[in-house]
Amino acid sequence: MYFDTHAHYDDAAFDADRDELLAALPPAGVDYVIDPGCDVESSRRALELSEAHSHVYAAVGFHPEEIDKFTPAALDELRRLAQHPKCVAVGEIGLDYYWDDSHKKEQGELFDAQLRMALELNKPVIIHDREAHADCLTAVNKYPDLRGVFHCYSGSAEMAKQLLKQGWYLGFDGPVTYKNAKKALEVLEICPMERIFIETDSPYLSPVPNRGKRNDSRNLVHIAQKIAEIKGLTAEDVAQHTAQNAKRLFQIS
Ligand code: NI
C-alpha cells in the first residue's frame with residue numbers, strides 16, 4: 001500500500017492521459033494520492049480530480065512561485081474551497097527564494113495568512129521551503145498548534161531535529177535517489193519512521209532510474225527502496241509506515 005502525499009496531477013503535463021493514469025494507480029499498488037493546489041485554479045482542479053477518483057485527495061493553497069497572480073480575493077476563494085469534504089490540508093504554501101528573492105515580504109505575508117487560515121480551519125499544512133529555511137522556521141514557530149509536513153525536506157539535520165521535536169513530518173522525494181543526496185540521507189538517518197512521508201512531486205523530480213522523465217506515483221517504490229536501505233527495512237515496510245503516517249496527519253480512514 002503506497003500513499004503519495006504530493007503529486008500535481010492537475011498539471012498540464014498530464015493533460016493527455018490524466019484519467020487513465022490515475023485509474024492505473026490502485027492496480028499498481030498506489031492506494032492514496034494527495035494533489036496540492038498551487039493557486040485558486042489548480043486547487044479547484046485538484047478538488048475535481050478528488051471527486052472523480054476515490055483514491056485522490058486534495059489540498060488547497062497558493063504557492064510562493066505564483067505570488068504574481070495573488071489577489072486578496074484568492075484567499076477568500078481558497079477558504080471556501082477548503083470546506084470540500086476531500087480537502088485534507090492547506091498547501092502547497094511556503095517560501096521560495098530560489099526562484100524569486102525579490103518578493104520576500106509579499107511571500108512572507110501570503111504564507112502567514114495561509115498558516116492562519118489552516119489553524120482557523122483546523123487543517124494540517126503542506127510546506128514548500130526552498131532556500132528559505134530560517135524564515136520558514138520562524139514563520140511556523142509563531143503558531144505552536146500548527147501541524148503538517150515540510151515537503152521535499154531540504155534543510156539541515158539540525159533544523160530537522162527542531163521540527164521533529166515540534167511534531168512536524170518530513171517529506172522525501174526523488175532527490176534522495178540522486179548521487180548528490182548526502183544531506184537528505186543524513187536527515188533520514190535521524191528521522192524516525194513515524195515521521196516520514198514519501199512523495200513524488202509529480203510531474204517533477206523523477207527518482208533514479210527514471211530521472212529526467214515525467215514522474216508519476218508508481219515511482220514511489222524507488223524512494224521507498226532508498227529509505228529501506230538506510231533504515232534496514234523492506235520497501236514494503238516503508239510503504240506501510242509512511243501510508244499510516246499520512247492517514248494519521250490527514251485524518252483519512
Ligand atoms: Ni509541489
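Just so we're aligned: 61 in the numbering used here is position 61 of the sequence shown, and the numbers increase by one with no gaps anywhere.
Note that beta-carbon positions come from the ideal geometry of N, C-alpha and C, so glycine has one too.
What you are looking at is a predicted structure, and each value in this text was computed from that prediction instead of being measured.
Would you kindly check if the distance between the Cβ of residue j and the Cβ of residue i is under 8 Å?
i    : j    : result
L164 : V176 : no
I223 : F172 : yes
D216 : L49  : no
I252 : V88  : yes
H8   : L47  : no
Y32  : F3   : yes
D145 : L115 : no
H6   : D39  : no
Please report the straight-line C-alpha distance between residue i and residue j, rounded to a whole angstrom.
i    : j    : result
D96  : R130 : 5 Å
I34  : S102 : 30 Å
K104 : Y98  : 11 Å
I190 : K161 : 8 Å
V208 : N219 : 9 Å
P36  : G61  : 7 Å
H55  : N141 : 33 Å
A184 : Y153 : 7 Å
A52  : S42  : 15 Å
Using 8 Å for Cβ pairs, my map puts residue i next to residue j. What's the rounded Cβ distance?
i    : j    : result
V90  : A113 : Wrong, their Cβ atoms sit about 10 Å apart, outside the cutoff.
I196 : L170 : 6 Å
L137 : M159 : 6 Å
Can you tell me where the beta strand (DSSP E) holding residue i begins and where it ends?
i    : result
L170 : 169-172
A89  : 87-96
Y196 : It is worth fixing the name first, because residue 196 is Ile in this sequence and not Tyr. That run of the beta strand (DSSP E) goes 196-198.
F70  : Unbroken run through F70: none, as it is neither H nor E.
A59  : 56-60
What residue range does the alpha helix (DSSP H) around residue i cover?
i    : result
A118 : 104-121
V187 : 182-190
R44  : 40-52
V125 : Not the alpha helix (DSSP H): V125 falls in the beta strand (DSSP E), residues 125-130.
D10  : Note, D10: premise wrong, no alpha helix (DSSP H); not H, not E.
Q | Closer than 7 Å: residues whose CB approaches a heavy atom of the ligand NI | A | H6, H8, P36, E92, H128, H151, D201
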